[in-house]
Structures are given as C-alpha cells and as structure tokens.
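Chains as they are written, first to last, in the working numbering: chain S, 5 to 81; chain F, 480 to 686.
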C-alpha cells in the first residue's frame, strides 16, 4: 500500500487537470491523434493529465480507443 | 476538415437524402456492435447478467446514442473521423447504463466491503518499516480529517474501488462533481504528508 508508486497513484492530483467535462467534447479528437501516432498530450495537456487520474473518464477513453480501432472503418453503405 | 467517408456519412444522414433511411439503419447496426463490445469489456461491473439482458442493454445504448447523433450530427467539426465521433456517444451511453445497472443490483446483503469503511490495509502492521508506519499513521489521521463529502468519496473510490459513476448515482451527483471531491481530497492528503516530511513525488511517466 505504501510503496511510493502506489501512494502516488492513490493520491494522484496533478496541477493542470482539465476535469471530466472538458474531455467529453474532444475525446474523439484525442483518440484520433493517438491512432495517427501523434501525442494527444501536446494538443490536450489538461485532458491527458485527467485521463491518468479519473477512473470513469479513463474507462471511456479506453473504450473509445478500442472501438475506433476495431470499427473505425465502417462505411455508410 | 472532413475526410471523404465522414462527408459521406454526414451527407447520407441528412433528412431528405435518398439513402437517409439506409444510412440510419447502417449506423444503428454499427452502434449496436460497438455497444456489445463495450459491454463485454466492462463485464466485471455487470455481475451475472444473461445474454438477452446484455443484448437489451446494447440495443438501448445504441438507440439512445443514435438519437443524440441524429440531433447533433451537423455539429460534427471533423476533428476526428465521423465514426470515432459517433462512437463516443455510444461509449458514454454504455458507461451510464453499466453504472445504473451496477447501482441497482447492489443490495445491503452484498458480501462486499462497506463503501465508507477505511480498509484494514491502511492500518500499520508490526512488519512495516518505520517510514511506512509513519506514512500510514499520518495518512489515516488525515483521511479522518477530510470534509464529510471528501471522506466519503475518497474512501469509496480510491480505497474501495467503487466506480465513480456508481457513487455519483448513490449520492445523487454526477461524475464531474465527484471527481472534484476526489481531486480535492487527494490534494489535501498529499499536502498533509508533505507537511509531515513525507512528500509524495508526482510520477512523471505516463500511466
């Protein structure tokens, strides 16, 4: 419990955290940058910080990343 | 800047397009597949949910996401492919429905730790090194001195791994507000440890 890494995770509260709402609008753009091999943290630093700390947004991000990878090429017909 | 396929999606989803109905049906079918996949990824929160119930949840998530997408698709700015933008809606729907399902199925007889109890692992043990014992004692004391809401949120989410959206439902709140409570609690606890000579360094590497 008290090793340094675990304690850092338990108490993670980094300055610059954009919060949950800020990430909702841009989560698709954030994921697209990742899929393109770019660093989304340089465009959306506050959301990158947030996704390391918020379990709910982290799960949504992981889900969208996987969905875009698996089903991103679907066409309208 | 929209890519060609995104333009095609947007164009066909406009009412009046000759293939509007086909495009809507096609999008709904894809949203169902994404929802099924996402529900399966979050299966750990769903308990013993059976196949038909899982399919029903996926249909509901796809239905609700489709309504949002059709209402807002002209707002699509092209910062991602259209599909990535659309899937965001169904991921959020699944997230909310999984939380509601997990919240509803909880009963007082659940053989799980109480949300508001500090786990035993925060109690110093004889084998701990002196520094660890001091850290744990400071941390335990500081947790007890958080505001009521910060204490409730930190103990449930950080220590007892209660999903943040489930706790938000329990407290009649929302994810953003609960996260703010969690953030403030963590910052307070970090401050207390630092003031007592046990600073917790921020990890620089991405998680």
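Every residue gets a Cβ at the ideal spot worked out from N, C-alpha and C, and that includes glycine. Note that the structure is a prediction, hence the values are computed from the model and not measured.
What whole-angstrom Cβ distance do residue i and residue j have, given they're in contact under 8 Å?
i: residue 32 (chain S); j: residue 559 (chain F); result: 4 Å
i: residue 536 (chain F); j: residue 510 (chain F); result: So it is not a contact: roughly 13 Å between Cβ atoms.
i: residue 513 (chain F); j: residue 569 (chain F); result: 5 Å
i: residue 507 (chain F); j: residue 545 (chain F); result: 5 Å
i: residue 665 (chain F); j: residue 17 (chain S); result: 4 Å
i: residue 638 (chain F); j: residue 598 (chain F); result: 5 Å
i: residue 65 (chain S); j: residue 23 (chain S); result: In fact, because the Cβ distance is near 14 Å, the residues do not count as touching under 8 Å.
i: residue 484 (chain F); j: residue 571 (chain F); result: In fact, because the Cβ distance is near 22 Å, the residues do not count as touching under 8 Å.
i: residue 524 (chain F); j: residue 581 (chain F); result: 5 Å
i: residue 74 (chain S); j: residue 552 (chain F); result: Rounded, the Cβ-Cβ distance is 22 Å, inconsistent with contact.
i: residue 12 (chain S); j: residue 680 (chain F); result: 7 Å
i: residue 672 (chain F); j: residue 614 (chain F); result: 7 Å
i: residue 526 (chain F); j: residue 584 (chain F); result: 6 Å
i: residue 574 (chain F); j: residue 63 (chain S); result: 7 Å
i: residue 601 (chain F); j: residue 619 (chain F); result: 5 Å
i: residue 49 (chain S); j: residue 20 (chain S); result: 6 Å
Quick one: which chain S residues come within Cβ less than 7 Å of residue i?
i: residue 655 (chain F); result: 23, 24 and 25
i: residue 509 (chain F); result: 75 and 78
i: residue 564 (chain F); result: 32
i: residue 513 (chain F); result: 71 and 75
i: residue 505 (chain F); result: 80 and 81
i: residue 484 (chain F); result: 79
i: residue 570 (chain F); result: 64, 67, 68 and 71
i: residue 585 (chain F); result: Within 7 Å Cβ-Cβ: nothing; residue 585 (chain F) doesn't reach chain S, min ~17 Å.
So which residues on chain F does residue i lean against when the C-beta distance must stay under 7 Å?
i: residue 49 (chain S); result: The premise fails here: residue 49 (chain S) is roughly 12 Å from chain F at the closest Cβ pair, so nothing lies under 7 Å.
Which residues in chain S have a C-beta closer than 9 Å to the C-beta of residue i? List them in chain order.
i: residue 501 (chain F); result: 80 and 81
i: residue 673 (chain F); result: Residues of chain S passing the Cβ test: none, with the nearest at roughly 10 Å.
i: residue 516 (chain F); result: 67, 70, 71, 74 and 75
i: residue 498 (chain F); result: 80 and 81
i: residue 545 (chain F); result: By Cβ distance, chain S contributes nothing, its closest Cβ being about 14 Å from residue 545 (chain F), past 9 Å.
i: residue 665 (chain F); result: 14, 15, 16, 17 and 57
i: residue 668 (chain F); result: 14, 15 and 17
i: residue 487 (chain F); result: 79, 80 and 81
i: residue 491 (chain F); result: 80 and 81
Mind checking which residues open and close the alpha helix (DSSP H) that includes residue i?
i: residue 58 (chain S); result: Note, residue 58 (chain S): premise wrong, no alpha helix (DSSP H); not H, not E.
i: residue 46 (chain S); result: 44-47
i: residue 27 (chain S); result: 23-39
i: residue 601 (chain F); result: Residue 601 (chain F) -> no alpha helix (DSSP H), and no H or E assigned at all.
i: residue 645 (chain F); result: 643-649
i: residue 18 (chain S); result: It is not in any alpha helix (DSSP H) - residue 18 (chain S) carries neither H nor E in the DSSP assignment.
i: residue 662 (chain F); result: 654-674
i: residue 624 (chain F); result: Counting along the chain, residue 624 (chain F) falls outside any alpha helix (DSSP H), and DSSP gives it neither H nor E.
i: residue 492 (chain F); result: 483-492
Mind pulling the chain F residues with CB within less than 8 Å of residue i?
i: residue 59 (chain S); result: 636, 642 and 643
i: residue 36 (chain S); result: 558, 559, 560 and 563
Can you pull the chain F neighbours of residue i, defined as C-beta to C-beta under 9 Å?
i: residue 106 (chain S); result: Residue 106 (chain S) cannot be examined here, being either before or after the span of chain S that is shown, 5 to 81.
Taking 7 Å as the line, does the beta carbon of residue i fall inside it for any heavy atom of the ligand SAM?
i: residue 51 (chain S); result: Absence of the ligand SAM from the depicted structure is noted, as is the absence of any ligand whatsoever, leaving it without description.
Does any residue of chain B bring its CB to less than 8 Å from the CB of residue i?
i: residue 20 (chain S); result: In the displayed structure, chain B is absent; the protein chains listed are S and F.
Residues of chain S with CB under 8 Å from residue i, in chain order?
i: residue 574 (chain F); result: 60, 63, 64 and 67
i: residue 597 (chain F); result: Neighbours of residue 597 (chain F) on chain S: none; closest Cβ ~11 Å, over 8 Å.
i: residue 679 (chain F); result: 8, 11, 12 and 15
i: residue 582 (chain F); result: Going along chain S, no residue has its Cβ under 8 Å from residue 582 (chain F), so there is no contact; the nearest lies around 13 Å.
i: residue 624 (chain F); result: Within 8 Å Cβ-Cβ: nothing; residue 624 (chain F) doesn't reach chain S, min ~15 Å.
i: residue 550 (chain F); result: None at all; the shortest Cβ gap to chain S is about 16 Å.
Exercise. Is it a yes or a no for the stretch 632-645 of chain F touching the stretch 53-63 of chain S, going by three-plus beta-carbon pairs under 8 Å?
Worked result: yes
For this session: Give, in chain order, every unbroken run of the alpha helix (DSSP H) that is at least 4 residues long and sits entirely within the stretch 498-567 of chain F.
Result: Listed in chain order, they are 499-520 and 530-551.
Problem set entry | the stretch 605-620 of chain F in contact with the stretch 492-503 of chain F per 3-pair CB rule at 8 Å | No, they do not touch.
For this session: Determine, using beta-carbon pairs with one atom in the stretch 624-639 of chain F and one in the stretch 653-673 of chain F, whether at least three such pairs fall under 8 Å.
Result: yes
For this session: Would you be able to state if there are at least three C-beta pairs under 8 Å between the stretch 520-533 of chain F and the stretch 482-497 of chain F?
Result: no
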